[in-house]
Amino acid sequence: MPPRFKKPTLNVAAPGSGAPGGDAAEEQGRGDSKGMNYNMSDAGTLRIDRPNGQFMFSDRGLVVTDRPSSAAQPTGSGMAAGSGPQASRPSTSVGTGTVPPAGSRPSTVHYTVTEKNLKVVRNLGSGACSVVHKAFYPSMNRFVAVKRINWQEADKMKQMMIDVEALCRETLPGVVQFLGAFMSSETGQLSVVLEYMDGGSLADLVKKVGKVPEQYLGIITADVLRGMAELNRRHLVHRDIKPANILVSTLGTSKIADFGIASVMDNTLAVCHTFTGTVTYMSPERINSKPYSFAADIWSLGLTLLECAMGRYPYDASAGPLQLMIHVCEDEIPLPPDTTTDARGVSPEFRDFLSLCMRKDPAERAHVQTLLKHPWVQKYAGRSQDLARFVSKHVSVDEKLSETAMLMVNRSYMFKDAGRKSGALARLAKFYAEDAHFTYEAEMSVGASDIKKKLEELSEQNTAFGGTRHEIQDLYSSRLLHGKNMILVYVKGKVTMLGAASALGRSAESTFVETFIIDTSFVNKDPNQGYYGCLIRNQIFRLLPSAPSK
3 MPPRFKKPTL NVAAPGSGAP GGDAAEEQGR GDSKGMNYNM SDAGTLRIDR
53 PNGQFMFSDR GLVVTDRPSS AAQPTGSGMA AGSGPQASRP STSVGTGTVP
103 PAGSRPSTVH YTVTEKNLKV VRNLGSGACS VVHKAFYPSM NRFVAVKRIN
153 WQEADKMKQM MIDVEALCRE TLPGVVQFLG AFMSSETGQL SVVLEYMDGG
203 SLADLVKKVG KVPEQYLGII TADVLRGMAE LNRRHLVHRD IKPANILVST
253 LGTSKIADFG IASVMDNTLA VCHTFTGTVT YMSPERINSK PYSFAADIWS
303 LGLTLLECAM GRYPYDASAG PLQLMIHVCE DEIPLPPDTT TDARGVSPEF
353 RDFLSLCMRK DPAERAHVQT LLKHPWVQKY AGRSQDLARF VSKHVSVDEK
403 LSETAMLMVN RSYMFKDAGR KSGALARLAK FYAEDAHFTY EAEMSVGASD
453 IKKKLEELSE QNTAFGGTRH EIQDLYSSRL LHGKNMILVY VKGKVTMLGA
503 ASALGRSAES TFVETFIIDT SFVNKDPNQG YYGCLIRNQI FRLLPSAPSK
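Just so we're aligned: 331 in my numbering is position 329 of the sequence shown, and the numbers increase by one with no gaps anywhere.
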């Protein structure tokens, strides 16, 4: 099908330059001084050329090519390709963000995630020019966030390319993971696939709990500072640190997201001159249109933490943005009292940390490395399990159960398809409760031991015909009304015989339906038993009759 849009060529400034064209970028000493050239082919492949390489987005994924000369030059995102041990690249064979063997520096990397690989679950948010979906990625058995924009929106394209440039080269601690990108020739949308953080943002937490307890803010801050240190090392100013851009998970991790307006500096003495970001969290020097640097992000972090601790934005914003900017630049910093003078205040250590972040003079603000060593951060660093318990209390129970069902069922099919390889079958057998029931085509096995034998029998049968591949087409789950912590899961899918057709006369491809009852309340001392505390209690598998051939 031909693309349903025109095929113009756009020339815009290099990502992060904040400049209207390549000349301005060159004046700032940027690596991509000639900007980027966007070109769409008749086949629907979006090619983006840059001085040190090329991006190719298509419905087959993303191919990133670095020219050899770029090895010692800064890229458009401010990172030196192939520089030092940190410059790990995704494997060309896997293309999903894995790190290649030591010393391997491929010039071309292919991210293979595509629209066909994903199953969209729901909308996470949308704006004037973009939308973010939650989706399931079966081959990696994980949920992901998919950010989509229309490629012809030049400004949005430039912003999204900053995400890609900043994240595609390596996985950074404290920063959301990049998993791939692709182009849809039918819709004209460019999609970037990122790590999904199931706890939402700090802004979401504030809406749910009001004041976020200090101990959890400390744990979050330790992770965020590590992420900021990585951005600092790569000469990136985020420029939009705020509660909505700090994400948390039920695993107790915290990460920085949304690099759409990040800016790069060629050295640590350079400064930015653009006015981009959320005014509410801008530092005084940015509001006054003065040059700014990494210290601007430190101010934004301090203000973000202050808001979360107070449960509300600390400045009076009722009179509009202009008056708000005056308050930020001229008023005293609205630090809360500490507990030595007011029991409702914050700890002296936390108050000191905030004061180091929120100095009006950027030269007086603490550096990120100094803040990482601050007693308040050190007090809470490494307590991810505490944060995990807190975040888990404030996520949707129904959504979490649905996620667990999808992950567990998909993992079981992955193990079935792997058979005896790498002990997959033995690991699958541990998914079943001791008194579980498994019915396969009207033949019932009772108890974990008998079920294991049945799985081995099916595996041998499938291996004789070249193995199988299961694909989930539809999955529905709900809690049982009279079974506390029990989930009923209905699956409709497709199973393919990878070798010869079945000796039973079935075609190589068959449709199946399967029902599971999963117990989520199981707590086992053996961490290798079950799936994250879940066990299969009952399972019924049935192949559907093939449609008669015409």
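All C-beta atoms, glycine included, are put in the ideal place defined by N, C-alpha and C.
Between residue i and residue j, which are expected to be in contact by the criterion C-beta below 8 Å, what is the C-beta distance as a whole number of angstroms?
| i | j | result |
| --- | --- | --- |
| T406 | Q541 | Their Cβ separation, rounded to whole angstroms, is 16 Å, which puts T406 and Q541 out of contact at 8 Å. |
| D476 | K494 | 4 Å |
| A319 | L326 | 5 Å |
| H396 | L207 | 6 Å |
| L126 | Y139 | In fact, because the Cβ distance is near 15 Å, the residues do not count as touching under 8 Å. |
| L373 | L358 | 7 Å |
| D68 | S109 | 5 Å |
Compare the Cα-Cα distances from residue i to each of the options and report the closest residue.
| i | options | result |
| --- | --- | --- |
| V65 | S320, G46, H112 and A45 | H112 |
| P286 | C331, D299, L253 and S512 | C331 |
| E459 | A428, A183, G201 and R241 | A428 |
| A298 | R367, P245, D344 and V515 | R367 |
| V491 | E511, H472, E516 and R471 | E516 |
| V250 | V214, K244 and L204 | L204 |
| G182 | K381, R150 and Q154 | R150 |
| V115 | S193, E445 and L457 | S193 |
| N479 | M488, F514, S302 and M159 | Residue identity differs from the one stated: residue 479 is Ser in this sequence, not Asn. Closest by alpha carbon: M488. |
| V239 | E155, G425, Y434 and D260 | D260 |
| Q371 | L233, V497 and E197 | L233 |
| K375 | N39, V134, G212 and R228 | R228 |
| F145 | N290, S404 and I221 | S404 |
| M42 | Q154, P377, K402 and D225 | Q154 |
Quick one: is residue i buried, meaning 16 or more other Cβ sit within 10 Å of its Cβ, or exposed?
| i | result |
| --- | --- |
| A311 | buried |
| R288 | buried |
| E29 | Note that E29 has pLDDT 28, beneath the 50 cutoff, so the model's placement of it is unreliable and the number below is only indicative. By the 10 Å Cβ count, E29 comes out exposed. |
| L537 | buried |
| V166 | buried |
| P364 | buried |
| R346 | exposed |
| P323 | exposed |
| R241 | buried |
| R124 | exposed |
| S523 | exposed |
| S295 | buried |
| I328 | exposed |
| L483 | exposed |
| P316 | buried |
| L546 | exposed |
| E617 | There is no way to answer for residue 617, as the model of the chain reaches only from 3 to 552. |
| C274 | Because the pLDDT of C274 is 46, which lies under 50, any placement of that residue in the model is unreliable, and the number read from its coordinates should be weighed accordingly. Per the 10 Å Cβ criterion, buried. |
| T98 | Bear in mind that a pLDDT of 44 at T98, under 50, signals an unreliable position, so the model cannot answer this. |
Along the alpha helix (DSSP H) that carries residue i, what are the first and last residues, could you check?
| i | result |
| --- | --- |
| A147 | Where A147 is concerned, there is no enclosing alpha helix (DSSP H), although the beta strand (DSSP E) it sits in stretches over R144 to N152. |
| V226 | E216 to R235 |
| N412 | V399 to A420 |
| N464 | A450 to A466 |
| T306 | A297 to M312 |
| V379 | P377 to Y382 |
| A438 | It is not in any alpha helix (DSSP H) - A438 instead sits in the beta strand (DSSP E) that spans Y434 to Y442. |
| I289 | P286 to I289 |
Considering only their Cβ atoms, is the gap separating residue j from residue i smaller than 8 Å?
| i | j | result |
| --- | --- | --- |
| I248 | T173 | no |
| R253 | A390 | Residue identity differs from the one stated: residue 253 is Leu in this sequence, not Arg. It is a contact, given that the beta carbons lie within the stated cut-off. |
| T255 | S386 | yes |
| R62 | Q56 | no |
| N152 | G190 | yes |
| V379 | K257 | no |
| S544 | I519 | One detail in the question is off: residue 544 reads as Arg in this sequence, not Ser. Their beta carbons are not under 8 Å apart, which means R544 does not touch I519 by this criterion. |
| G46 | S187 | yes |
| D419 | G501 | no |
| K158 | S132 | yes |
| C170 | F180 | yes |
| L219 | G304 | no |
| A444 | A431 | no |
Check for me: the beta strand (DSSP E) holding residue i runs from which residue to which?
| i | result |
| --- | --- |
| S128 | K121 to S128 |
| R49 | L48 to R52 |
| H329 | No beta strand (DSSP E) contains H329, which is instead part of the alpha helix (DSSP H) from P323 to E332. |
| D476 | T470 to R481 |
| A183 | F180 to S186 |
Check whether the Cβ of residue i sits closer than 7 Å to any heavy atom of the ligand PLP, and report yes or no.
| i | result |
| --- | --- |
| E332 | The ligand content of the structure shown is nil, which means the ligand PLP is not present either. |
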